[in-house]
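Engineer: Quick one: the structure is below, and I'll ask about it shortly.
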């Protein structure tokens, strides 16, 4: 059969993930060290695992509400109120999803009509552009630069808006650059967003992993922004729960009513045991001031400084990340493209990094390295990278 007669050409044209390409190769190389996939090297804390095990042994194996367990949604609402000053009704404005990635998909499919444009600051997470396309929209990339701390400026936002612009994605703390955005910068973006009547989809999955002195600020907490913001977060990164696949999306009830329809017909509900584990993470965290998260954040901060200094000592220009767990050094001085650099590094030194182009065309000349890796492996990987750069 000629299958191209049957598939959707817009979806078929979407490239496969540039991250997974290198991850799949690493699986065939026993001695390789991966700095590629953004996954904590910590095991999910014991009390969280134990809560899920107890739930399973107690026979809690049924569907939950499409919205997710109300007790979990209540904990999420309390967490967002106390940590970031965001007020959501757990009954109608909080939806538990299969990871924050499902939340991106739900937001795009619920918001977009064919041809609507969504502004995507880049470099940024690989799922944004495909999700816009899957929702029938048109992704419009906006290039951000190290010289401006990889932060979207109001001038860049203003210049990208057209009559077809429906929404803008705010991906901070940022994957892959580690950039964060402060209150003053958010305020300036807010003025442009209000003037053009845009919706904001804010992905704050790394909000707990912020090393900036002022901490994390959500644009939804600014005046007049709550009602036009779709807020995405989850448990994968800060709570070391990637495999549990539990995230959440929060928005005003009228928007949420549309998103939950897509969710209930395609997903039904997130894993019951995953929801139990997530609830334990927040409940125990509330009692001990999120000690598990603080301990992991401290460890990441140490590795962040180690990796940043190592790339600087190699003679590579490197933006200092203040969020997430990635470093995004420039490799332009080597004369190699991002793709060739990563391919040769993997082949010659058995270290896997991700080409910057996986996160948008403007990522050319950079590589992404994840420091959520054990210190001994991180030291070895940095030594190998230094040898490779020196050989060039």
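Numbering (the working numbering), first residue to last: -17 to 374.
Ideal placement from N, C-alpha and C gives every residue a C-beta, glycine not left out.
1) Could you check whether the region 165 to 173 touches the region 196 to 209, counting it as contact only if at least three pairs of C-beta atoms, one from each stretch, sit closer than 8 angstroms?
2) Should the region 185 to 200 be called in touch with the region 245 to 258, which here means at least 3 C-beta pairs below 8 angstroms?
3) So residue 356 packs on residue -8, CB below 8 angstroms; how close in whole Å?
4) To which residues of the same chain is residue 246 closer than 6 angstroms at the C-beta, ignoring the five residues directly before and after it?
5) For a test of your reading of the model: does the CB of residue 141 fall under 6 angstroms from any non-hydrogen atom of the ligand SAM? Yes or no.
6) Would you decide whether residue 163 is buried or exposed? Buried here means 16 or more other CB atoms lie within 10 Å of its CB.
7) Leaving out five residues on either side along the sequence, give the residues of the same chain with a beta carbon under 6 angstroms from the beta carbon of residue 91.
8) What's the call for residue 28, buried or exposed, on a 16-neighbour Cβ count within 10 Å?
9) Terminal residues of the continuous alpha helix (DSSP H) containing residue 294?
10) Candidates 345, 343, 360, 327: which alpha carbon is nearest residue 372's?
11) Among 142, 82, 135, 131, which has the Cα closest to the Cα of residue 100?
12) Are the Cβ atoms of residue 296 and residue 368 separated by less than 7 angstroms?
13) Are the CB atoms of residue 157 and residue 110 nearer to each other than 7 angstroms?
14) Kindly indicate which residue of 306, 358, 347, 212 has the alpha-carbon position closest to the one of residue 316.
15) Using three-state DSSP, classify residue 32 as helix, strand or coil.
16) Just the C-alpha distance for residue 324 and residue 123, rounded to the nearest angstrom, thanks.
17) Looking at the structure shown, is residue 352 part of a helix, part of a strand, or coil, going by DSSP?
18) Where do the N-terminal and C-terminal ends of the alpha helix (DSSP H) with residue 256 fall, by residue?
19) Inspect the beta-carbon positions of residue 76 and residue 58 and report whether they are closer than 7 angstroms.
20) In chain order, what residues of the same chain lie with their CB nearer than 6 angstroms to the CB of residue 382, ignoring the 5 residues before and after it?
21) In angstroms, rounded to a whole number, what distance separates the CA positions of residue 307 and residue -17?
Structural biologist: On the basis of the supplied data:
1) yes
2) no
3) Along the chain shown, one-based indexing puts residue 356 at 374. Along the chain shown, one-based indexing puts residue -8 at 10. At roughly 41 angstroms, the Cβ-Cβ gap does not stay under 8 angstroms, so residue 356 and residue -8 are not in contact.
4) Here residue 246 corresponds to residue number 264 of the chain shown, with the count starting at 1. Non-local C-beta neighbours of residue 246 in its own chain, meaning closer than 6 angstroms and more than five positions away in sequence, comprise 48, ordered along the chain.
5) You won't find the ligand SAM in this model; it holds no ligand whatsoever.
6) Position 181 of the chain shown, counted from the first residue, corresponds to residue 163. Result: buried.
7) Here residue 91 is taken as the residue at index 109 of the chain shown, counted from 1. Counting only Cβ-Cβ distances below 6 angstroms, and skipping sequence neighbours, we find 117, 244.
8) What you label residue 28 is simply residue 46 of the chain shown in a count that begins at 1. Burial call: exposed.
9) On the chain shown, position 312 is the one that residue 294 refers to. That run of the alpha helix (DSSP H) goes 273 to 295.
10) In the chain shown, counting from the first residue as 1, residue 372 sits at position 390. Per the Cα distances, 327.
11) Here residue 100 refers to the residue found at position 118 of the chain shown. Ranking 142, 82, 135, 131 by Cα distance to residue 100 puts 142 first.
12) If you number the chain shown from 1, residue 296 lands on position 314. If you number the chain shown from 1, residue 368 lands on position 386. Yes, the Cβ-Cβ distance between residue 296 and residue 368 is below 7 angstroms.
13) Here residue 157 refers to the residue found at position 175 when the chain shown is read from its first residue. Here residue 110 refers to the residue found at position 128 when the chain shown is read from its first residue. Not closer than 7 angstroms, so no.
14) In the chain shown, counting from the first residue as 1, residue 316 sits at position 334. The shortest Cα separation from residue 316 among 306, 358, 347, 212 belongs to 347.
15) Counting from 1 along the chain shown, the entry for residue 32 is found at position 50. It is helical.
16) Working through the chain shown from its first residue, we reach residue 324 at position 342. Working through the chain shown from its first residue, we reach residue 123 at position 141. Spanning the two alpha carbons is a distance of roughly 24 angstroms.
17) Sequence index remark: in the chain shown, residue 352 carries index 370 (1-based). DSSP places residue 352 in strand when its eight states are reduced to three.
18) Along the chain shown, one-based indexing puts residue 256 at 274. Unbroken alpha helix (DSSP H) run through residue 256: 254 to 270.
19) Looking up residue 76 in the chain shown gives position 94. Looking up residue 58 in the chain shown gives position 76. In this structure, residue 58 lies closer than 7 angstroms to residue 76 by Cβ.
20) In this structure the chain extends from -17 to 374, so residue 382 is not present and cannot be described.
21) Against the chain shown, residue 307 aligns to sequence position 325. Against the chain shown, residue -17 aligns to sequence position 1. Roughly 45 angstroms between the two C-alpha positions.
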